[in-house]
């Protein structure tokens, strides 16, 4: 991003509650989230002229959301995609603004991920094998967990990584969620809870898997010049990598090894190169936790530890609040709610503002106790640089580095 | 009508590659595409050669022998047709042909259900990385078949590695 570092910022964040019974349409969820982000930024309908969203044929289009809110758009795209879309769309929003297509872009994800379109496609599987399903589904592979699991099993084989080690990811995120009043699963859990939970797909236990929820989440991207006049301290964008791929001939990344090495391996030089910083400079990470091990594989791929040492890294205490580099301080997809990654970016913005919405009475004023015991604080002290590691699948991922 | 585990199997009329692949399996042959230009094999089906971008292909029969490279055991079935056979192991098999191409960590790796001699899901205690397997074919009807794998009666590559229960 020659010349674009620090030229764009996230200036607004908004979300609905995370539930399993929204009782509302994705249209209503999207409108509420976008409106909340506009109020957060201090922007009116006339101040927003771009909109981006991502979906899996399970959401409401931008013109409908914008129309409900009285917004006239100069630019919009509704892109097909799940996890890792947020960071990619932030880069596209910057490009759209940079070339003059629009000035301020809202990015949203609205989904009834529990009551309508569940993530694994549960309940939506067509009673027929055809087309692409002749390459994987017909062999018994039908969900995200099932298609990701062989990568983790191979990592266990190659490096001796254990279920107990990656269970620490759930333990850490549950600790963080216990200090997040909005988290769907606010209960703290132990390593034993994780490894004693029932099998979903070996090597994944139930508690290795994320929650499924109904929610809408939105963020607003604009230029640094406009950002300075808005309500909050901007979260400046230092670098972004969008949906970087591993080679996957025939749509099958397994033919290229090592299969336990994920797309972040290729995204890392792009995003760190733009930002001019390295892993050692990152203070808070938001590594996508569709499953406990996806967090680990990405932290490894981006160089927060050596290849093969992810199990040690995530079980060392580093990723917990109070540790050297906490991960998913909101509780992530494992505990807060499932947003296809946009919730992780919202949390980075909160941390950079010093406004993690925890149980500290004056969090909105940036006053925190830094006491991370249950129902306490979840703000990391003096955060300056955050990084998001977005995951779609082992061969596809995105990244975003921001500072305040 | 072709079906598998009680579910209809359809191949679109504009998808001759999948039809020919499944028809070969129906004849008891495991075939993969071979590039007529650079002669390299590819799997799964693709519309060009990923090594030289040629559009053409011919079918090459492979031995169907290989080594389990990774696997999983599905306990919580998602697809209604597979729920009755849980738990079942899905294996990623590295075929003996074209190992280490184009790089040392690359190869022709094929997904499949691991089944026993009766065609039932293999016991997970007998499933593991390094175990040798050979292809077999489920009859889908209508002249189509589906490759699956079963354990081969030959020594493993190194020690078989299993998820440590």
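Residue numbers (the numbering used here), protein chains in the order written: chain B, 1 to 404; chain P, 1001 to 1165. Ideal Cβ positions, reconstructed from N, Cα and C, are used throughout, including at glycine. Since we're looking at a predicted model, the values are computed, not measured.
Cutoff 6 Å; reference residue i; Cβ partners in own chain excluding five residues on either side
i: residue 282(B); result: 385, 387
i: residue 184(B); result: 18, 211, 213, 337
i: residue 1055(P); result: 1048
i: residue 61(B); result: 78
i: residue 350(B); result: 356
Residue i (DSSP reduced to helix, strand or coil)
i: residue 148(B); result: helix
i: residue 1048(P); result: coil
i: residue 43(B); result: coil
i: residue 209(B); result: strand
i: residue 293(B); result: helix
i: residue 389(B); result: strand
i: residue 76(B); result: strand
i: residue 1098(P); result: coil
i: residue 1146(P); result: strand
i: residue 321(B); result: coil
i: residue 299(B); result: helix
i: residue 1083(P); result: helix
i: residue 154(B); result: helix
i: residue 18(B); result: coil
i: residue 1070(P); result: strand
i: residue 1(B); result: At residue 1(B) the pLDDT is 49, less than 50, meaning the model places this residue with poor confidence; the figure from the coordinates comes in the next sentence. In the structure shown, residue 1(B) sits in coil (DSSP, three-state: anything other than H, G, I, E or B).
i: residue 271(B); result: helix
i: residue 329(B); result: coil
i: residue 194(B); result: helix
Where the beta strand (DSSP E) through residue i begins and ends
i: residue 1016(P); result: Per DSSP, residue 1016(P) belongs to no beta strand (DSSP E); it is in the alpha helix (DSSP H), 1016 to 1026.
i: residue 55(B); result: 50 to 55
i: residue 224(B); result: No beta strand (DSSP E) contains residue 224(B), which is instead part of the alpha helix (DSSP H) from 224 to 227.
i: residue 1134(P); result: 1132 to 1141
i: residue 400(B); result: 396 to 403
i: residue 1058(P); result: 1058 to 1061
i: residue 108(B); result: 104 to 112
i: residue 65(B); result: Where residue 65(B) is concerned, there is no enclosing beta strand (DSSP E), although the alpha helix (DSSP H) it sits in stretches over 62 to 68.
i: residue 200(B); result: 199 to 202
i: residue 314(B); result: Careful: residue 314(B) lies outside any beta strand (DSSP E), inside the alpha helix (DSSP H) at 310 to 314.
Closer than 8 Å at the beta carbon, the chain P residues around residue i
i: residue 258(B); result: 1105
i: residue 146(B); result: 1072, 1074, 1078, 1090
i: residue 143(B); result: 1078
i: residue 292(B); result: Going along chain P, no residue has its Cβ under 8 Å from residue 292(B), so there is no contact; the nearest lies around 15 Å.
i: residue 363(B); result: Residues of chain P passing the Cβ test: none, with the nearest at roughly 38 Å.
i: residue 199(B); result: 1073, 1075, 1076, 1087
Residue interval of the alpha helix (DSSP H) (run including residue i)
i: residue 351(B); result: 342 to 353
i: residue 372(B); result: Residue 372(B) -> no alpha helix (DSSP H), and no H or E assigned at all.
i: residue 96(B); result: 85 to 98
i: residue 334(B); result: 332 to 335
i: residue 239(B); result: No alpha helix (DSSP H) holds residue 239(B); the beta strand (DSSP E) holding it covers 235 to 245.
i: residue 174(B); result: 163 to 177
Residue i and residue j closer than 9 Å at C-beta
i: residue 1081(P); j: residue 1011(P); result: no
i: residue 11(B); j: residue 204(B); result: no
i: residue 1046(P); j: residue 249(B); result: yes
i: residue 241(B); j: residue 221(B); result: no
i: residue 334(B); j: residue 313(B); result: no
i: residue 237(B); j: residue 402(B); result: yes
i: residue 13(B); j: residue 49(B); result: no
i: residue 1079(P); j: residue 137(B); result: yes
i: residue 1095(P); j: residue 1103(P); result: no
i: residue 404(B); j: residue 383(B); result: yes
i: residue 140(B); j: residue 1090(P); result: yes
i: residue 51(B); j: residue 73(B); result: yes
i: residue 1113(P); j: residue 1121(P); result: yes
Amino acids of chain B, ordered along the chain, whose beta-carbon sits closer than 8 Å to that of residue i
i: residue 1163(P); result: 153, 156, 202, 203
i: residue 1012(P); result: 130, 131
i: residue 1007(P); result: 127, 128, 129
i: residue 1050(P); result: 247, 249, 250
Neighbourhood of residue i by C-beta, 7 Å cutoff - its chain only, sequence neighbours within 5 removed
i: residue 1077(P); result: 1083, 1086
i: residue 193(B); result: 207
Chain-ordered chain P contacts of residue i [CB-CB under 7 Å]
i: residue 140(B); result: 1074, 1082, 1088, 1090, 1113
i: residue 150(B); result: 1070, 1071, 1072, 1092
Partners in chain C for residue i, counting only beta-carbon separations shorter than 8 Å
i: residue 135(B); result: Among the protein chains in the structure shown, which are B and P, there is no chain C.
Under 9 Å from the C-beta of residue i: neighbouring residues of chain B
i: residue 1004(P); result: 129, 138
Beta-carbon contacts of residue i that lie in its chain and below 8 Å, excluding the five residues immediately before and after
i: residue 278(B); result: 272, 303
i: residue 1100(P); result: 1106, 1107
i: residue 245(B); result: 263, 266, 395, 396
Where residue i meets chain B, residues with beta-carbon distance less than 7 Å
i: residue 1146(P); result: 138
i: residue 1108(P); result: 255
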